[in-house]
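> Quick one: structure below, then a few questions.
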Amino acid sequence: MLANHTGIATLFKRTVAQYDKLRKRNAFLEQYKREEPFRDGLGQFDEAREVVMDLISEYEEAESKDYLTGGKEEDAANGGADSRADGITGR
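If you count by this note's numbering, then the sequence shown holds residues 2 to 92, one letter each, in order.
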């Protein structure tokens, strides 16, 4: 079951680790090499792996406290606005 929270990154990490083991051994890849999109190589698999790694990075960044503020944690004592306020109406 998939969930909409940062804990899903663990599942993606495990999937990438399993893929890396299979790719290292070229296990189960002969069938793909016979098909049209993969005759020139298995680059699409490697590109997909990079996309998943980027996704993992994004989820890990989302675990930080200042993710929604873009790394600009404002201090209310220094005149910074509440991060939940829209900056115009203050609501």
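Every residue gets a Cβ at the ideal spot worked out from N, C-alpha and C, and that includes glycine.
Please read these numbers as outputs of a predicted model, since none were measured by experiment.
#1: What's the gap between the Cα of Leu69 and the Cα of Arg35?
#2: Does the beta-carbon distance from Ala10 to Glu61 come in below 9 Å?
#3: If you measure between the beta carbons of Ile57 and Lys14, is that distance less than 9 Å?
#4: Starting from Ser58, trace the alpha helix (DSSP H) in both directions and tell me its first and last residue.
#5: Any idea what DSSP makes of Arg15, helix, strand or coil?
#6: Specify the secondary structure class of Asp41 as computed by DSSP and reduced to three states.
#7: Return the chain-ordered list of same chain residues with a C-beta closer than 6 Å to the C-beta of Thr7, the five sequence neighbours on each side being excluded.
#8: Alpha helix (DSSP H) containing Glu31: first to last residue?
#9: When the distance is taken between beta carbons, is Leu23 closer than 9 Å to Tyr33?
#10: Within the same chain, show all residues whose beta-carbon is closer than 8 Å to that of Pro38, passing over the 5 residues directly before and after it, in chain order.
Looking at the atomic coordinates:
#1: 46 Å
#2: yes
#3: yes
#4: Gly44 to Ala63 is the span of the alpha helix (DSSP H), which, as asked, contains Ser58.
#5: helix
#6: It is coil, neither helix nor strand.
#7: Tyr60, Ala63 and Glu64
#8: Where Glu31 is concerned, the enclosing alpha helix (DSSP H) stretches over Glu31 to Lys34.
#9: no
#10: Gln45
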